[in-house]
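Position in the sequence shown counted from 1, then plus 96, gives you the working numbering.
Backbone N, C-alpha and C fix where the C-beta goes; we use that ideal spot for every residue, glycine too.
Every value quoted in this text rests on a predicted model; they were computed, and no experiment measured them.
Notes for the one structure printed next.
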Amino acid sequence: GGGQPVSMANLRGTSELCRNHGIPFFLDACRFAENAYFIKLREEGYRDKTPLQIAQEMFQCADGCTMSAKKDGLSNIGGFLALNDAALA
Numbered sequence: 097g098g099g100q101p102v103s104m105a106n107l108r109g110t111s112e113l114c115r116n117h118g119i120p121f122f123l124d125a126c127r128f129a130e131n132a133y134f135i136k137l138r139e140e141g142y143r144d145k146t147p148l149q150i151a152q153e154m155f156q157c158a159d160g161c162t163m164s165a166k167k168d169g170l171s172n173i174g175g176f177l178a179l180n181d182a183a184l185a
């Protein structure tokens, strides 16, 4: 199942693997803030970084992200797809 936090080390490794094989790498952004805080608490070198700084680093690893706005009570329907490449948007 899903819903598990991911370490920055695993994000970087997955990003590199995807780039090496020409595969776009997308994040599920539904719980990005919680994940950033989890990294801050548990991963070496991140204790002094803000969750915002960590989230920015997380998203820099990806080509884009998807987000279901229905999660966490943001809305009753909808979501978005965000891309880091203007040519794809």
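* To do: Answer yes or no: do Cys157 and Arg108 have a C-beta to C-beta separation smaller than 8 Å?
  => yes
* Would you mind reading off the limits of the beta strand (DSSP E) that contains Ala132? => Element bounds for Ala132: not the beta strand (DSSP E) but the alpha helix (DSSP H), Phe128 to Arg138.
* **Residues near Asn180 in its chain [Cβ-Cβ closer than 6 Å; skip 5 each side]** => Asp159 and Gly160
* With 16 as the cutoff for other CB atoms within 10 Å, does Asn58 come out buried or exposed? -> Within the shown structure, residues of the chain are numbered from 97 to 185, placing residue 58 beyond reach of any answer.
* Under the rule that 16 or more other beta-carbon atoms within 10 Å means buried, what is Phe134, buried or exposed? -> buried
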